[in-house]
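Engineer:
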Amino acid sequence: TAANRFRVVEVGARDGLQAEKKFVPTKIKVELIDRLSACGFSTVETTSFVSPKWIPQLADHNDVVAQHQRFPGVAYPVLVPNSAGLKNAMATGVVDEIAVFAAASDGFSKKNVNATVEESLKKLIEVTKTALDANIRVRGYVSVVVGCPYDGAVNPEVVARVTETLLAAGCYEVSLGDTIGVGTVNTVSKMLDTVLKHVPAEKLAVHFHDTYGQALSNVLVSIEKGIRAADSSVAGLGGCPYAKGATGNLATEDLLYFLRGNGFETGVDLEKVVETAKWFNLAAGYDKWSRVGAAISAK
Ligand code: HMG
Ligand code: MG
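Per the UniProt record's numbering, the sequence shown runs over residues 14 to 312.
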């Protein structure tokens, strides 16, 4: 039934690889995206059209989007911070979905995009409009929805306002990011209650970094409040280069095991994701494992 459908947005190739110290070769990124596409995700975020001075790990964005396969029914959003990024993404001729990102605190916003929340929203409204006019779908992100590494606790009303602004600008969905993974059932619950007074659950996704091991509990709270989409990264890759100490996203394998065990249908093949993580570790010289991936691989 519709109530049991859950959308998992795979962000490992972008959120994961943007924060890894090593530059992962383009060829491996492309194969990672192709293998993830074959796992059954409906959304695979691929890269960022940000300044290579800020994120050198994804400086090969043009080659990545030109070379990966496009499976029917799969959306491949790329992150875009400003009009320059949108222009570059559009110049590739293949990008049909972007993701814009704002924050719920000025401290983080300044470090991440060198602008206050208000300044950045102004720019993102323009970027979103230009993209929609060119038939490019736009997903929105709000960062630091619970806590900010610079400004501390975040007011849920600010999260609600930024979310509403992005939706009003034309984003089809807004993903609420606990960038540094500090949220607990208590704080996430309060934040969601506030946001849900202003926007319907169908317009929201959640994006929990698992820094403090709270991500799955926070997904459960989100489900209880009606949200049916979450972002995760294969093998729990990544973090955020402008949030000190932030570790990877909730691992996709852990999320899928949790969802399957609780009766949700995702259309994603958990065992294939574990295989993909295994392949990536070998190919890229990593040793990153989700809890579930390690358990399944040990059998
Ligand atoms: P700035 O320095 O204020 O920008 O940075 P600028 O306009 O002055 O440009 C500086 C230089 O970058 C110029 O080059 C521009 O041409 C160039 P120069 O003249 O010095 O040679 N430039 C670009 N190049 C390529 N692509 C572009 C681009 N824009 C400018 N798009 C800027 C402002 C937004 C560019 C910068 O702060 C930036 O790139 N920030 C991105 C940071 C980032 O990617 N963070 C991680 C993603 S967000 C995240 O991970 C959170 C999320 O996962 C959710 C969550 O967990 O909460 C989404
Ligand atoms: Mg993130």
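For glycine and all other residues, C-beta sits at the position ideal for the given N, C-alpha and C.
Nothing here was measured: the structure is a model prediction, and the numbers come from that model.
Find out if the Cβ-Cβ distance for the pair Gly23, Val57 is shorter than 8 Å.
Structural biologist: Translated into the one-based positions of the sequence shown, residue 23 becomes position 10. Translated into the one-based positions of the sequence shown, residue 57 becomes position 44. Checking the sequence shown, residue 23 turns out to be Glu, not Gly. In contact: Glu23 and Val57 (Cβ atoms closer than 8 Å).
Engineer: Do the stretch 53–70 and the stretch 84–104 meet, that is, are 3 or more Cβ pairs less than 8 Å apart?
Structural biologist: The stretch 53–70 vs the stretch 84–104: in contact.
Engineer: Can you round the beta-carbon distance between Phe36 and Gln70 to whole angstroms, since I take them to be within the 8 Å contact cut?
Structural biologist: Reading the sequence shown from its first residue, position 23 is the one you call residue 36. Reading the sequence shown from its first residue, position 57 is the one you call residue 70. Confirmed, about 6 Å.
Engineer: Quickly, what does DSSP pair Leu189 with across the bridge? List them, please.
Structural biologist: Here the question's residue 189 lines up with position 176 in the sequence shown. BP columns for Leu189 point to Val155 and Val219.
Engineer: What's the gap between the Cα of Asn75 and the Cα of Thr105?
Structural biologist: What you label residue 75 is simply residue 62 of the sequence shown in a count that begins at 1. What you label residue 105 is simply residue 92 of the sequence shown in a count that begins at 1. Those two C-alpha atoms are separated by around 7 Å.
Engineer: Would you be able to state if there are at least three C-beta pairs under 8 Å between the stretch 166–173 and the stretch 140–151?
Structural biologist: Short answer: they don't touch.
Engineer: Between Tyr225 and ligand 1, is there a pair consisting of the residue's CB and a ligand heavy atom that are separated by less than 7 Å?
Structural biologist: Locating residue 225 in the sequence shown gives position 212, where the first residue counts as 1. Outside the cutoff, so no.
Engineer: Indicate, with yes or no, if ligand 2 has a heavy atom lying under 7 Å from the CB of Gly165.
Structural biologist: Counted from its first residue, the sequence shown places residue 165 at position 152. Incorrect: Gly165 has no Cβ contact closer than 7 Å to ligand 2.
Engineer: Counting pairs of Cβ atoms below 8 Å between the stretch 123–139 and the stretch 199–212, do you hit three or more?
Structural biologist: No: the two stretches stay apart, fewer than three of their Cβ pairs being nearer than 8 Å.
Engineer: With DSSP as the reference, please indicate the residues paired to Asn275 in a beta bridge.
Structural biologist: To locate residue 275, count along the sequence shown from 1; it is residue 262. The partner list for Asn275 (beta bridge, DSSP) is empty, contrary to what the question assumes.
Engineer: For Arg27, count neighbouring Cβ atoms within 10 angstroms of its own Cβ and tell me buried if that reaches 16, exposed if not.
Structural biologist: Residue numbering aside, residue 27 sits at position 14 when the sequence shown is read from its first letter. Flag for Arg27 reads buried.
Engineer: Taking only heavy atoms of ligand 2 into account, decide whether any of them is closer than 7 Å to the Cβ of Asp28.
Structural biologist: One-based indexing of the sequence shown puts residue 28 at position 15. Flag set: Cβ of Asp28 near ligand 2.
Engineer: What are the start and end residues of the beta strand (DSSP E) that includes Ser96?
Structural biologist: Along the sequence shown, one-based indexing puts residue 96 at 83. First-last for Ser96: Ser96 to Ala104, but that is the alpha helix (DSSP H), not the beta strand (DSSP E).
Engineer: Ligand 1 and Trp292: does the residue's C-beta get closer than 7 Å to at least one heavy atom of that ligand?
Structural biologist: Stepping through the sequence shown from its first residue, residue 292 is reached at position 279. No, Cβ of Trp292 sits at least 7 Å from all heavy atoms of ligand 1.
Engineer: Using only the alpha-carbon positions, how far apart do Asp164 and Ala290 sit?
Structural biologist: Looking up residue 164 in the sequence shown gives position 151. Looking up residue 290 in the sequence shown gives position 277. About 35 Å.
Engineer: With Ser245 as the anchor, note down where its beta strand (DSSP E) starts and where it stops.
Structural biologist: The sequence position of residue 245 within the sequence shown is 232, counting from 1. Residues Ala242 to Ser245.
Engineer: Between Val175, Gly25, Gly183 and Thr192, which has its C-alpha nearest Ser156's C-alpha?
Structural biologist: Reading the sequence shown from its first residue, position 143 is the one you call residue 156. Ranking the options by Cα distance to Ser156, first place goes to Thr192.
Engineer: How long is the line joining the alpha carbons of Leu145 and Ser188, rounded to whole angstroms?
Structural biologist: What you label residue 145 is simply residue 132 of the sequence shown in a count that begins at 1. What you label residue 188 is simply residue 175 of the sequence shown in a count that begins at 1. The straight-line gap from Cα to Cα measures roughly 18 Å.
Engineer: So, helix, strand or coil for Ser235, using DSSP?
Structural biologist: Numbered from its first residue, the sequence shown carries residue 235 at position 222. Ser235 falls in the helix class under three-state DSSP.
Engineer: For Val43 and Val77, what's the separation of their Cα atoms in angstroms?
Structural biologist: What you label residue 43 is simply residue 30 of the sequence shown in a count that begins at 1. What you label residue 77 is simply residue 64 of the sequence shown in a count that begins at 1. Roughly 6 Å separates the two Cα atoms.
Engineer: Leaving aside the five residues before and after Lys123 along the sequence, list all residues of the same chain whose C-beta is less than 7 Å from its C-beta, in chain order.
Structural biologist: As a first step, residue 123 is located in the sequence shown; it is residue number 110 there, counting from the start. Answer for Lys123: Thr129, listed in chain order.
Engineer: Which value, in whole angstroms, describes the spacing of the CA atoms of Ser118 and Gly153?
Structural biologist: Your numbering for residue 118 matches position 105 in the sequence shown. Your numbering for residue 153 matches position 140 in the sequence shown. In a straight line, the C-alpha of Ser118 is about 16 Å away from that of Gly153.
Engineer: According to DSSP, simplified to helix, strand and coil, what is Thr59?
Structural biologist: Here residue 59 refers to the residue found at position 46 of the sequence shown. DSSP places Thr59 in coil when its eight states are reduced to three.
Engineer: Indicate whether Leu263 and Ala296 have their beta-carbon atoms separated by less than 8 Å.
Structural biologist: The residue given as residue 263 occupies position 250 in the sequence shown. The residue given as residue 296 occupies position 283 in the sequence shown. Result no, Cβ atoms of Leu263 and Ala296 do not sit closer than 8 Å.
Engineer: Closest to Ala218 by C-alpha separation, out of Ala182, Val158, Gly274 and Val93, would be which residue?
Structural biologist: Locating residue 218 in the sequence shown gives position 205, where the first residue counts as 1. The shortest Cα separation from Ala218 among Ala182, Val158, Gly274 and Val93 belongs to Val158.
Engineer: Helix, strand or coil for His25 per DSSP?
Structural biologist: Working through the sequence shown from its first residue, we reach residue 25 at position 12. Here residue 25 turns out to be Gly, not His, going by the sequence shown. DSSP places Gly25 in helix when its eight states are reduced to three.
Engineer: So, using beta-carbon positions, are Ala243 and Val234 closer together than 8 Å?
Structural biologist: For the purposes of this step, residue 243 is identified with residue 230 of the sequence shown, where counting begins at 1. For the purposes of this step, residue 234 is identified with residue 221 of the sequence shown, where counting begins at 1. No, the pair does not count as a contact, with Cβ atoms beyond the cut-off.
Engineer: Helix, strand or coil for Ile149, going by three-state DSSP, please let me know.
Structural biologist: Walking along the sequence shown from the start, residue 149 turns up at place 136. Coil, per DSSP.
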